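**Student:** Dropping the structure in here first, questions after.
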Amino acid sequence: MSAIVSDAASGRPEAALGGEFTHRQIMKVMSVLLVSLFVACISGTVISTALPTIVGDLGGQDQLAWVASAGLLTTTASTPLWGKLSDLYGRKRLFRVALILFAVSSALAGLSQSMGQLIAARAAQGVGVGGITALTQAIMADVTTPRTRGRYSGWIGSAFGVATVAGPLIGGFLVGSDALGWRWTFYVGIPFAIAALVMVERVLKLPFVRREAHVDYLGAALITGAITSVLLALSLGGQKWAWNSGTTYTLVTAAVVLGAAAVWQERRARQPILPPHLFRSRTFNLAGAGSFFVGFAMFGAMIYLPQYLQVVRGMSPTRSGLMTLPMVIGMLSASITSGRLITRFGRWKAFPLVGLPMIALGLFLLSGLDVGTPLVLAGLYMLVLGVGLGLSSQVLVLAIQNDVDASDIGIATSAASFFRSMGGAVGVGVLGAILSSKVGSAIPALMRERHVAPPAGTDMGDLMGSPSAIHALDAPLRSVVVDGFTEGLHTVFLVAAPVTLVGFLAVLAIREVALRGGRGEPADAEAGEGEAADDEAVQVDLSASVRQKVATRH
């Protein structure tokens, strides 16, 4: 018989007598999760202001795209593996590994003496980030019921939102400091990771179902290979190589072949990395699709809104980060409010059904931005988008967690994160290709129309990656480039808006099941008959659909 034990040395989960963690105990766990998630999220945003300085110091302009993409690739590819391994070996153990890997790789990134070393360190850092982000939601599922989880899920979104704004600000300060410099954009996360490790040992005592483990290494390799091939094609297509190049075709072919092999392997594996039975769930598939399209919109907006502010409006990276505050405030307020309402009423479906159309509306409004748009109006559009994202992103994770068994909570949760990340990767890749194509045709047309000649010896493609270089151009040429870029952004947001509505249709088709674990439910824990007096039954809610009763003998 499997037994629920604690990850802590005490051998018992710190749960209340009725089987559920108290609010105080949950907040202790949340403090660990929020610190860890903040440091993971900020690692991707803090370097945005440092990239030009890094290239100036280490060289390798042609490798710049890899510095930005390496972490995203490994984060997304590793997410399903972290979830499954945590189901087999326990969340706390894997969470420790993720934090240590993050801290060590951050130190190596800061010590890098070449672009190759930096890219390798960023790739390793991405694996750690994948573990932290995947396990954060799974751990929260361990200590809360699906219904009460809504009360705390808003704080998960808040950590992400704060990191989005704080990253460029901290990065700008560090890069501009004579005493610190760009290397500290990597070192800055290490103290947080160490603090999180200390907190893990002190407060993170989690229930863990001990069972025989058989890791599907072949399935893990095939899944990782397929995901990596897709992400490489999407992230670097149009940058390092052309979309219609042999490299792109090779990567797409590899993704199809490896994906087909992974499906075959997972169907026959004893303990598959991505259990096929999950895909027989209507809720899992449709909520996953909704998460994909939320990621498409969210990551697309977070990439291209700063480009509007920097290229079109001429703002510094630091100021552009501050200008996205309305979107972050909208995300935070909507996420926290919806979470509390879900906990109170036990219903979730209405929130993404309102949120996804709001995302589409926000993107449509953003498509009208130009160089003369009042910043207050732009902020209002961002607020609409942020509210839509806040109503949708965390709620869909709850829906998936509510639909799976306890033994699958880790992989199901990481799958939800994976769908969102894949949506983001596809969104950034597709929208980036649209932007490049539109800008590439708009700028020459505007030059002919306005009788402006391109500058001698200047590659217009290189200008697109350097807002400062654009604003150093002569006024007539600068006006052409900015207007051409604005036309490209119009198209990007107009394409993204209706795509988001596909996610709305997916969520609309879900049959809502009320979230379990409300205050009115009985504790449903009773001592087993025929056991000795020193035996006691401990019930811990690990998922929405399964409540396990086990007797632990002291």
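Mapped onto our numbering, the consecutive letters of the sequence shown carry residue numbers 56 to 609. Think of the CB as a built atom: it goes at the ideal place given N, C-alpha and C, for glycine as much as any other residue. Keep in mind it's a predicted model, so treat the numbers as computed, not measured.
Can you give me the Cβ contacts of T541 inside the same chain, cut-off strictly under 7 Å, excluding the 5 residues immediately before and after it?
**Tutor:** So the qualifying residues of the chain are V367, D425, V426.
**Student:** Which residues share a DSSP beta bridge with G292?
**Tutor:** Its beta-bridge partners are W296.
**Student:** Can you grab the Cα-Cα spacing for the pair A179 / D529, in whole Å?
**Tutor:** Distance between the alpha carbons of A179 and D529: 42 Å.
**Student:** Are the CB atoms of L306 and L329 nearer to each other than 9 Å?
**Tutor:** No, these two residues do not count as a Cβ contact at 9 Å.
**Student:** Considering Cα atoms alone, identify which of A342, R148, I81, G212 is closest to A95.
**Tutor:** Of the listed residues, the one whose Cα sits closest to A95 is G212.
**Student:** Determine the direct distance from the alpha carbon of P107 to that of A551, and round the result to whole angstroms.
**Tutor:** Each residue's alpha carbon lies about 29 Å from the other.
**Student:** One question on the structure: do G292 and S103 come within less than 9 Å of each other, judged by their Cβ atoms?
**Tutor:** No, these two residues do not count as a Cβ contact at 9 Å.
**Student:** Taking the C-alpha atoms as reference points, what is the distance between I245 and R79?
**Tutor:** Rounded to whole angstroms, I245 to R79 spans 27 Å at the Cα level.
**Student:** Just list the alpha helix (DSSP H) runs in the stretch 171 to 254, keeping only unbroken ones of 4 residues or longer that don't cross its boundaries, in chain order.
**Tutor:** Correct list: 201 to 231, 239 to 242.
**Student:** Going by beta-carbon coordinates alone, are F548 and P135 separated by less than 9 Å?
**Tutor:** Taking 9 Å as the Cβ cut-off, F548 and P135 do not qualify as a contacting pair.
**Student:** What is the DSSP secondary structure of T104, counted as helix, strand or coil?
**Tutor:** Here T104 sits in coil by DSSP.
**Student:** Nearest to S610 by alpha carbon, out of S232, Q449, A162, W210?
**Tutor:** As shown, the chain starts at 56 and ends at 609. That puts residue 610 outside it, with no answer to give.
**Student:** Cutting at 6 Å between CB atoms, please list the residues of its own chain near L364, excluding the five before and the five after it.
**Tutor:** Correct list, in chain order: M370, S375, M378.
**Student:** Rounded to a whole number of angstroms, what is the C-alpha to C-alpha distance between S208 and V568?
**Tutor:** Computed Cα separation, rounded: 18 Å.
**Student:** Which same chain residues, not among the five before or five after L570, have their C-beta less than 8 Å away from its C-beta?
**Tutor:** Excluding residues within five positions, the ones whose Cβ falls inside 8 Å are T200, P201, R202, R204, G205, I397, G401, R402, W403, L453, N457, A599.
**Student:** Let me know if L421 comes out buried or exposed under the rule of 16 or more other beta-carbons within 10 Å of its beta-carbon.
**Tutor:** Buried, since its Cβ has 16 or more Cβ neighbours within 10 Å.
**Student:** Taking Cβ to Cβ, would you say L154 is nearer than 9 Å to A251?
**Tutor:** Their beta carbons are under 9 Å apart, which means L154 touches A251 by this criterion.
**Student:** Whole angstroms is fine: what's the gap from N340's alpha carbon to Y242's?
**Tutor:** Cα-Cα distance, rounded: 39 Å.
**Student:** Could you please give the first and the last residue of the uninterrupted alpha helix (DSSP H) stretch that includes A39?
**Tutor:** Residue 39 lies beyond the residue range present for the chain, which begins at 56 and ends at 609; the question has no answer from this structure.
**Student:** What would DSSP say about G575, mapped onto helix, strand or coil?
**Tutor:** No answer about G575 holds up, because its pLDDT of 41 lies below 50 and its placement is not dependable.
**Student:** Taking the alpha-carbon of H332 as reference, which of G355, D463, I391, P372 has the nearest alpha-carbon?
**Tutor:** Comparing Cα-Cα distances from H332 to each of G355, D463, I391, P372, the minimum goes to D463.
**Student:** Looking at C-beta atoms only, is the number of pairs between the stretch 406 to 417 and the stretch 473 to 488 that lie closer than 8 Å three or more?
**Tutor:** As far as the Cβ criterion goes, the stretch 406 to 417 does not touch the stretch 473 to 488, which means the pair count is below three.
**Student:** Using a threshold of 9 Å, state whether the C-beta atoms of L556 and P412 are closer than that.
**Tutor:** Taking 9 Å as the Cβ cut-off, L556 and P412 qualify as a contacting pair.
**Student:** Mapping the DSSP letters down to three states, classify D425 as helix, strand or coil.
**Tutor:** It is coil, neither helix nor strand.
**Student:** Can you look up M82 in the DSSP assignment and give me helix, strand or coil?
**Tutor:** Correct three-state label for M82: helix.
**Student:** Helix, strand or coil for H545? Go by DSSP, reduced to three states.
**Tutor:** Three-state result, H545: helix.
**Student:** Could you tell me which whole alpha helix (DSSP H) segments of length 4 or greater appear in the stretch 375 to 450?
**Tutor:** The stretch 375 to 450 contains these whole alpha helix (DSSP H) runs: 380 to 400, 405 to 421.
**Student:** The alpha helix (DSSP H) spanning Y359 covers which residue range?
**Tutor:** Note, Y359: alpha helix (DSSP H), 337 to 362.
**Student:** List, from N- to C-terminal side, the beta strand (DSSP E) runs of 3 residues or more that fit wholly inside the stretch 118 to 159.
**Tutor:** Counting whole runs of 3 or more residues, the stretch 118 to 159 contains no beta strand (DSSP E) stretch at all.
**Student:** Does the distance from the C-beta atom of S91 to that of A248 stay below 9 Å?
**Tutor:** Yes, Cβ-Cβ distance for S91 and A248 is below 9 Å.
**Student:** Can you say whether Y304 is buried or exposed, counting buried as having 16 or more other CB atoms within 10 angstroms of its CB?
**Tutor:** So Y304 ends up on the exposed side.
**Student:** Going along the chain, which residues of its own chain have a beta-carbon closer than 8 Å to the beta-carbon of A105, five neighbours each way excluded?
**Tutor:** Hits under 8 Å: G226, L229, V230, W237, T240.
**Student:** When you measure from the CB of K139 to every non-hydrogen atom of the ligand COA, does any distance come out below 8 Å?
**Tutor:** Of ligands this structure carries none, so the ligand COA is not represented either.
**Student:** Which two residues bound the contiguous alpha helix (DSSP H) that contains V485?
**Tutor:** First-last of the alpha helix (DSSP H) with V485: 464 to 505.
**Student:** Report the residue from L259, F150, F157, I109 whose alpha carbon sits nearest the alpha carbon of G171.
**Tutor:** Of L259, F150, F157, I109, the residue nearest in Cα terms is I109.
**Student:** Kindly indicate the opening and closing residues of the alpha helix (DSSP H) around S523.
**Tutor:** Taken as a continuous stretch (DSSP letters only), the alpha helix (DSSP H) holding S523 covers 522 to 525.
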